[in-house]
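Visitor: Have a look at the structure that comes next, please.
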């Protein structure tokens, strides 16, 4: 099964550097342009998407809707694809978190996939729930190519697991807004990962 893992487009909180997690914010004008650029890039590729699964959070769901319309396929909401829950840090700017809680910020964004923010969940846990969904999908789905719409931080953990077996080195696997990664899942093993593809966004710079 081929999987195309997409991150949602830019939101107002992305632009302002505010931590989102399970909280939502609306797409920016650039986010709308990013969505169009991603759709054009995937339509021009050889990928024939059979179905789309998306996080039910609004910013990802909107991307899922556009992808399903483009490929004329089904769209299913999947809670397992939600972003990592950042608990008490949601709604706080990254700058404020770094200034007031530097150790927590470093653990959360750079150092420790096992770190759990107050009232939230660890990246390791969030990434594993996505992995469990992918393995379940591979075992039950008859589709050849599926598109998964999720979020930036949890996608970093997922790609780290697919590439290295653990989420520890998540910071190296950046996932820009409206970027995508492509990999094959065969018998729960990942083959030929291409991650963080964002060349279609260069025209927007």
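Residue numbers (the working numbering): 16 to 220.
All C-beta atoms in this analysis are idealised placements derived from N, C-alpha and C, irrespective of residue type, glycine included.
Values in this document were obtained by computation on a predicted structure and should not be read as measured data.
#1: Would you mind giving the Cβ-Cβ distance between residue 153 and residue 203, rounded to the nearest angstrom? I have them listed as a contact below 8 Å.
#2: Does the Cβ of residue 89 have 16 or more other Cβ atoms within 10 Å, making it buried, or fewer, making it exposed?
#3: Provide the residue span of the beta strand (DSSP E) that contains residue 204, from first to last.
#4: Helix, strand or coil: which one does DSSP assign to residue 164?
#5: Could you give the DSSP three-state label for residue 72: helix, strand or coil?
#6: What ranges does the alpha helix (DSSP H) occupy inside the segment 24 to 107, keeping only unbroken runs of at least 4 residues that lie completely in it?
#7: Do you know how far the Cα of residue 156 is from the Cα of residue 108?
#8: Name, in chain order, the residues that DSSP records as bridge partners for residue 17.
#9: Report the CB separation of residue 106 from residue 38 in whole angstroms; it is logged as a contact under 8 Å.
#10: Could you tell me the distance, in whole angstroms, from the CA atom of residue 26 to the CA atom of residue 206?
#11: Output needed for residue 166: all residues of its chain with C-beta closer than 6 Å, excluding positions within five of it in sequence on either side, in chain order.
#12: Mind the definition here: the segment 45 to 61 touches the segment 109 to 120 only if three or more C-beta pairs lie below 8 Å; say whether that holds.
#13: If I'm right that residue 86 touches residue 138 with Cβ under 8 Å, what's the distance once you round it to whole angstroms?
#14: Given a cut-off of 9 Å on the beta-carbon distance, is the pair residue 188 and residue 174 in contact?
#15: Cutting at 6 Å between CB atoms, please list the residues of its own chain near residue 33, excluding the five before and the five after it.
#16: Should residue 121 be labelled buried (16 or more other beta-carbon atoms within 10 Å of its own) or exposed?
#17: Determine, using beta carbons only, whether residue 20 and residue 148 come nearer to each other than 9 Å.
#18: State the start and end residues of the unbroken alpha helix (DSSP H) segment that holds residue 127.
#19: Have a look at residue 177 and residue 44 and give me their C-alpha separation to the nearest angstrom.
#20: Measure the C-alpha to C-alpha separation of residue 126 and residue 118 and round it to an integer number of angstroms.
Guide: In short, the structure shows the following:
#1: Mapped onto the chain shown, residue 153 falls at position 138. Mapped onto the chain shown, residue 203 falls at position 188. About 7 Å separates the two Cβ atoms, so the contact holds.
#2: Here residue 89 is taken as the residue at index 74 of the chain shown, counted from 1. That one is exposed.
#3: The sequence position of residue 204 within the chain shown is 189, counting from 1. Run containing residue 204: 204 to 212, per the beta strand (DSSP E) assignment.
#4: Translated into the one-based positions of the chain shown, residue 164 becomes position 149. Note: residue 164 maps to strand in three-state DSSP.
#5: Along the chain shown, read from residue 1 onward, the residue named residue 72 stands at position 57. Coil, per DSSP.
#6: 27 to 31, 44 to 59 and 73 to 86
#7: For this step, residue 108 is matched to residue 93 along the chain shown. For this step, residue 156 is matched to residue 141 along the chain shown. Near 40 Å, if we compare the C-alpha coordinates of residue 156 and residue 108.
#8: To locate residue 17, count along the chain shown from 1; it is residue 2. The partner list for residue 17 (beta bridge, DSSP) reads 160 and 199.
#9: For the purposes of this step, residue 106 is taken as the residue at position 91 of the chain shown. For the purposes of this step, residue 38 is taken as the residue at position 23 of the chain shown. With a Cβ gap of about 6 Å, residue 106 and residue 38 count as contacting.
#10: Residue numbering aside, residue 26 sits at position 11 when the chain shown is read from its first letter. Residue numbering aside, residue 206 sits at position 191 when the chain shown is read from its first letter. When rounded, the distance between both Cα atoms is 31 Å.
#11: Taking the chain shown and counting its residues from 1, the one referred to as residue 166 is at position 151. Result list for residue 166: 98, in chain order.
#12: no
#13: Your numbering for residue 86 matches position 71 in the chain shown. Your numbering for residue 138 matches position 123 in the chain shown. About 30 Å; that fails the 8 Å criterion.
#14: One-based indexing of the chain shown puts residue 188 at position 173. One-based indexing of the chain shown puts residue 174 at position 159. A contact, by the Cβ cut-off of 9 Å.
#15: Position 18 of the chain shown, counting from 1, holds the residue named residue 33. Excluding residues within five positions, the ones whose Cβ falls inside 6 Å are 108.
#16: If you number the chain shown from 1, residue 121 lands on position 106. Its Cβ having fewer than 16 others within 10 Å, residue 121 is exposed.
#17: Numbered from 1 along the chain shown, position 5 holds the residue referred to as residue 20. Numbered from 1 along the chain shown, position 133 holds the residue referred to as residue 148. No, the pair does not count as a contact, with Cβ atoms beyond the cut-off.
#18: Looking up residue 127 in the chain shown gives position 112. In the DSSP annotation of this structure, residue 127 is not part of any alpha helix (DSSP H), being labelled neither H nor E.
#19: By one-based count along the chain shown, residue 177 stands at place 162. By one-based count along the chain shown, residue 44 stands at place 29. Roughly 33 Å separates the two Cα atoms.
#20: Counting from 1 along the chain shown, the entry for residue 126 is found at position 111. Counting from 1 along the chain shown, the entry for residue 118 is found at position 103. A direct Cα-to-Cα measurement between residue 126 and residue 118 gives close to 10 Å.
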